[in-house]
Amino acid sequence: MVIRKSLAAIVVCCSAIFSVAYAEGQEPEARAYIISPKDGDHVSSPVTVIFGLKGMGVAPAGTDKARTGHHHLIIDSDLPPLDENIPADEHHIHFGGGQTEVELTLAPGKHTLQLLLGDMNHIPHKPAIYSEKITITVKP
Ligand SMILES: [Cu+2]
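Every number in our numbering is 3 more than the matching position in the sequence shown, counting from 1.
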């Protein structure tokens, strides 16, 4: 009887955790990725960066719809704090219109690029959905 009660407690506990995850409105396998350029590429400026998203939908900022968000491109910087508004500056570009690509003018040399999805209020999802950070070299 005692064992049964603990099992029941575990089941209740787990389903609570799962309902919290689903309440945030995203699928477990949601991920963002940079389709182009590829890590290590040598490119000419301007560089066309193409954003990829799986398991979620792209929607303009302010759209109150589950399992959606808009892209942010982090340039030459680490990820910002994941529990607050994503900054808007030269290192954090918002694509609040729902854009899925951008033509970037970059100085010659090495640059890092990383995508971070934000919700309708520009706050990362829980858990946050972001791509690998890639490094590219812009030719002189
Ligand atoms: Cu934003």
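Where is the CB? At the ideal position from N, CA and C, for every residue including glycine.
Express the C-alpha separation of A64 and Q117 in angstroms, rounding to a whole number. Going by the C-alpha atoms only, they are around 19 angstroms apart.
Answer yes or no: the CB of A110 versus the heavy atoms of ligand 1, is any distance below 7 angstroms? No, the beta carbon of A110 sits no closer than 7 angstroms to any heavy atom of ligand 1.
Using the Cα positions of E32 and S47, report the straight-line distance between them to the nearest angstrom. Distance from the CA of E32 to the CA of S47, rounded to the nearest whole angstrom, comes to 33 angstroms.
Closer than 8 angstroms is the cut-off here; do at least three beta carbon pairs connect the region 54 to 62 with the region 84 to 94? In short, these stretches do not touch, since the Cβ pair count stays below three.
Beta-carbon of R70 versus every beta-carbon of chain B: anything under 8 angstroms? In the displayed structure, chain B is absent; only one protein chain is listed.
Given a cut-off of 8 angstroms on the beta-carbon distance, is the pair H95 and P83 in contact? Note that the C-beta distance between H95 and P83 is below 8 angstroms.
Below 7 angstroms, is the gap between the Cβ of A64 and the nearest heavy atom of ligand 1? Within the cutoff, so yes.
Can you determine whether any heavy atom of ligand 1 sits closer than 7 angstroms to the C-beta of G121, and answer yes or no? Yes, the Cβ of G121 comes within 7 angstroms of a heavy atom of ligand 1.
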